[in-house]
Amino acid sequence: MSSTTLFILTSDIKNLFDVKEKILIIQKREEIRHVDEETLKTLQGDDDVFISKWQPYEEYENVCHLRLPDNSEVSFLVKEAYIETSKREKNMYNNKKLLPKSERTIFENIKTVFFEKSGRVYLLLFTTYQTSINKVKQKLLCDEAYIETDNIGYNIPGDLFYWLFYKYKEKNKFLAERFEVEAISGFLGNIADEHNTIKGESEVTPNLLVTKAFVSKFYPIRSLNIILKLDDYSLNFILNDISQCSISTSSIIPGDVKEIDISSAIIIYSYIIPELLRLFSSDVEWSQEKKKSFTKSIGEEVIKEIAVFHGIDLKSL
Numbered sequence: 433m434s435s436t437t438l439f440i441l442t443s444d445i446k447n448l449f450d451v452k453e454k455i456l457i458i459q460k461r462e463e464i465r466h467v468d469e470e471t472l473k474t475l476q477g478d479d480d481v482f483i484s485k486w487q488p489y490e491e492y493e494n495v496c497h498l499r500l501p502d503n504s505e506v507s508f509l510v511k512e513a514y515i516e517t518s519k520r521e522k523n524m525y526n527n528k529k530l531l532p533k534s535e536r537t538i539f540e541n542i543k544t545v546f547f548e549k550s551g552r553v554y555l556l557l558f559t560t561y562q563t564s565i566n567k568v569k570q571k572l573l574c575d576e577a578y579i580e581t582d583n584i585g586y587n588i589p590g591d592l593f594y595w596l597f598y599k600y601k602e603k604n605k606f607l608a609e610r611f612e613v614e615a616i617s618g619f620l621g622n623i624a625d626e627h628n629t630i631k632g633e634s635e636v637t638p639n640l641l642v643t644k645a646f647v648s649k650f651y652p653i654r655s656l657n658i659i660l661k662l663d664d665y666s667l668n669f670i671l672n673d674i675s676q677c678s679i680s681t682s683s684i685i686p687g688d689v690k691e692i693d694i695s696s697a698i699i700i701y702s703y704i705i706p707e708l709l710r711l712f713s714s715d716v717e718w719s720q721e722k723k724k725s726f727t728k729s730i731g732e733e734v735i736k737e738i739a740v741f742h743g744i745d746l747k748s749l
């Protein structure tokens, strides 16, 4: 699976041309630390610095275009964030001798996608590792100067995950015309607080007793592993409550695509998530009362299953 984190760029980055002119030119050279002057004099080339820069990514040299399920088109750029950082001082030396740069440096290559949508430019980092994300922000995005503080339009309400369960179980998987929840194969949620989590993974996750018990208690769902089918598109991914995704290579995108994770990520963020949020917010049938009645019916299923398993006569309770 490929993991992704979304950022919205500031409004002064209006298009991919601005990305090229203002962001992709950013480079950083940081001098090595914790090294004495005599040792510094022996270092050659770039051995005394750590470099951060944007560089090409494989076959994606120029602006590319991708057709979305609604037949609109998204323009995007794929680059690689190349970042060198020093290991800790104690790991820079061997018997008090400075190690070669290759042995005392952390090298990171982070696939990055910039795409345009509705007059704004978005950035996708193919990582959810916070340390790597912070490095890109600090070294190649001018200490977050080009990133909006809030991902407006991508804030996932907690009830969206309950709504997807409801659509899967009560509405025959139907979301909209030609759009359905084909499968729910996992979830992650909290019990009591953020430190107590419960996880379920199965091809029949909605039918698992642990899932039903969790849902019936209104516990917050933090992420859902789903397969969404829309026409010839099949998107298999995990979505969490801060719009991070883990995208499976089993996703299906019609047409000729170079890398399935790149195309899937662009479609998920530029079309699928906004469409899910639109359908969720406009669903007149869904309400807190509907959520309560749905979870109550799930709770009744749990009680009945346990009673049958243990041979309990519910009337005797």
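Count along the sequence shown from 1, add 432, and you get the number used in my numbering.
Heads up, the beta-carbon is just placed ideally off N, CA and C, and yes, glycines get one too.
(message) Among the candidates V545, I588, I674, N668, whose CA atom is the shortest distance from the CA of S683?
(response) Here residue 683 refers to the residue found at position 251 of the sequence shown. Shortest Cα-Cα distance from S683 to any of V545, I588, I674, N668 involves N668.
(request) Quick one: residues in its chain with C-beta nearer than 6 Å to the C-beta of W718, no 5 flanking neighbours on either side, listed in chain order? (result) On the sequence shown, position 286 is the one that residue 718 refers to. Same-chain partners within the cutoff: W595.
(request) Hey, could you find the ends of the alpha helix (DSSP H) F558 is sitting in? (result) One-based indexing of the sequence shown puts residue 558 at position 126. For F558, no alpha helix (DSSP H) run applies, since DSSP gives it neither H nor E.
(message) Tell me which residue opens and which closes the alpha helix (DSSP H) that Y535 is part of.
(response) Start at 1 with the first residue of the sequence shown, and residue 535 comes out as number 103. Here residue 535 is Glu; the residue named in the question, Tyr, does not match the sequence. Under the DSSP assignment, E535 falls in the alpha helix (DSSP H) whose first and last residues are 533 to 536.
(message) Run through the DSSP bridge pairs and tell me what L438 is partnered with.
(response) The sequence position of residue 438 within the sequence shown is 6, counting from 1. Assignment of beta-bridge partners to L438 by DSSP yields L556.
(message) Just to confirm before moving on: does the CB-CB distance between I483 and E516 stay below 7 Å?
(response) Taking the first residue of the sequence shown as 1, we reach residue 483 at position 51. Taking the first residue of the sequence shown as 1, we reach residue 516 at position 84. Cβ distance < 7 Å, so I483 and E516 count as in contact.
(request) Would you mind stating whether L438 and L592 have Cβ atoms separated by less than 7 Å? (result) Within the sequence shown, the letter at position 6 stands for residue 438. Within the sequence shown, the letter at position 160 stands for residue 592. It is not a contact, given that the beta carbons lie outside the stated cut-off.
(message) Among the candidates I464, S443, L530, whose CA atom is the shortest distance from the CA of G551?
(response) Numbered from 1 along the sequence shown, position 119 holds the residue referred to as residue 551. For G551, the nearest C-alpha among the options comes from S443.
(request) Name the one or two DSSP bridge partners that F482 has. (result) The count along the sequence shown starts at 1 and reaches residue 482 at position 50. F482 pairs with E462.
(request) Consult DSSP for V510 and reduce its assignment to one of helix, strand or coil. (result) Reading the sequence shown from its first residue, position 78 is the one you call residue 510. Residue state, collapsed to three classes: strand.
(message) Can you tell me where the alpha helix (DSSP H) holding L573 begins and where it ends?
(response) One-based indexing of the sequence shown puts residue 573 at position 141. Per DSSP, L573 is not a residue of any alpha helix (DSSP H), being assigned neither H nor E.
(request) Can you tell me which of the three DSSP states G551 falls into? (result) What you label residue 551 is simply residue 119 of the sequence shown in a count that begins at 1. Here DSSP, grouped into helix, strand and coil, assigns G551 to coil.
(message) Within the continuous alpha helix (DSSP H) that includes R610, where are the two ends?
(response) On the sequence shown, position 178 is the one that residue 610 refers to. Per DSSP, R610 lies in no alpha helix (DSSP H) segment and is marked neither H nor E.
(request) Use the C-beta contact count for I584: other C-beta atoms within 10 angstroms, 16 or more gives buried, fewer gives exposed. (result) Within the sequence shown, the letter at position 152 stands for residue 584. Counting C-beta atoms within 10 angstroms of its own C-beta, I584 has fewer than 16 neighbours from the protein chains shown and is therefore classed as exposed.
(request) Can you give me the start and stop residues for the alpha helix (DSSP H) that R710 sits inside? (result) Sequence index remark: in the sequence shown, residue 710 carries index 278 (1-based). That run of the alpha helix (DSSP H) goes 705 to 714.
(message) So, with DSSP's three-state summary, where would you put G621?
(response) Residue mapping note: residue 621 aligns to position 189 of the sequence shown, counting from 1. The answer is strand: DSSP assigns G621 an E or B state.
(message) Please return the same chain residues whose Cβ sits closer than 8 Å to the Cβ of E576, not counting the five positions on each side in sequence.
(response) Sequence index remark: in the sequence shown, residue 576 carries index 144 (1-based). So the qualifying residues of the chain are K569, Q570.
(message) Quick check on the DSSP output: the beta strand (DSSP E) that includes L456 runs from which residue to which?
(response) Position 24 of the sequence shown holds residue 456. Looking at the DSSP string, L456 is not in any beta strand (DSSP E), and its letter there is neither H nor E.
(message) In this structure, how does DSSP classify I584 when only helix, strand and coil are distinguished?
(response) Translated into positions along the sequence shown, residue 584 becomes position 152. Coil, per DSSP.
(message) On the criterion of 16 or more Cβ atoms from any shown chain inside 10 Å, does D502 qualify as buried, or is it exposed?
(response) Walking along the sequence shown from the start, residue 502 turns up at place 70. So D502 ends up on the exposed side.
(message) Going by DSSP, what residue range makes up the alpha helix (DSSP H) through L596?
(response) Translated into the one-based positions of the sequence shown, residue 596 becomes position 164. In the DSSP assignment, L596 falls within the unbroken alpha helix (DSSP H) covering 591 to 602.
(message) Between the alpha carbons of K728 and K644, how many angstroms are there, rounded?
(response) What you label residue 728 is simply residue 296 of the sequence shown in a count that begins at 1. What you label residue 644 is simply residue 212 of the sequence shown in a count that begins at 1. One alpha carbon belongs to K728, the other to K644, and they sit about 10 Å apart.
(request) State yes or no: is the C-beta of E612 within less than 7 Å of the C-beta of F606? (result) As a first step, residue 612 is located in the sequence shown; it is residue number 180 there, counting from the start. As a first step, residue 606 is located in the sequence shown; it is residue number 174 there, counting from the start. F606 is positioned such that its CB atom lies closer than 7 Å to that of E612.
(message) Check whether the region 694 to 706 and the region 656 to 676 are in contact - that is, three or more C-beta pairs closer than 8 Å.
(response) Enough Cβ pairs lie closer than 8 Å, so yes.
(message) Going by beta-carbon coordinates alone, are D479 and K529 separated by less than 7 Å?
(response) Taking the sequence shown and counting its residues from 1, one reaches residue 479 at position 47. Taking the sequence shown and counting its residues from 1, one reaches residue 529 at position 97. No. Outside cutoff.
(request) Report yes if the C-beta distance between F546 and V451 is below 7 Å; otherwise report no. (result) In the sequence shown, residue 546 corresponds to position 114, counting from 1. In the sequence shown, residue 451 corresponds to position 19, counting from 1. The answer is yes: Cβ separation under 7 Å.
(message) Here's the rule: buried if 16 or more other CB atoms are within 10 angstroms of the residue's CB, otherwise exposed. What is S725?
(response) Within the sequence shown, residue 725 is the residue found at index 293, counting from 1. Classification for S725: exposed.
(message) Just to confirm the assignment, what range does the alpha helix (DSSP H) spanning K649 have?
(response) Start at 1 with the first residue of the sequence shown, and residue 649 comes out as number 217. According to the DSSP assignment, K649 belongs to no alpha helix (DSSP H), since it is labelled neither H nor E.
(message) Please report the straight-line C-alpha distance between D693 and T436, rounded to a whole angstrom.
(response) Counting from one through the sequence shown, the residue named residue 693 turns up at place 261. Counting from one through the sequence shown, the residue named residue 436 turns up at place 4. Here the alpha carbon of D693 sits roughly 10 Å from the alpha carbon of T436.
(message) In the DSSP assignment, the beta strand (DSSP E) including S666 goes from what residue to what residue?
(response) Here the question's residue 666 lines up with position 234 in the sequence shown. Looking at the DSSP string, the run of the beta strand (DSSP E) that includes S666 is 665 to 672.
(request) Express the C-alpha separation of S695 and E387 in angstroms, rounding to a whole number. (result) The requested residue 387 is not part of the displayed model; the chain covers only 433 to 749.
(request) Using the DSSP secondary-structure output, state which residues sit across from T517 in a beta bridge. (result) Position 85 of the sequence shown, counting from 1, holds the residue named residue 517. I538.
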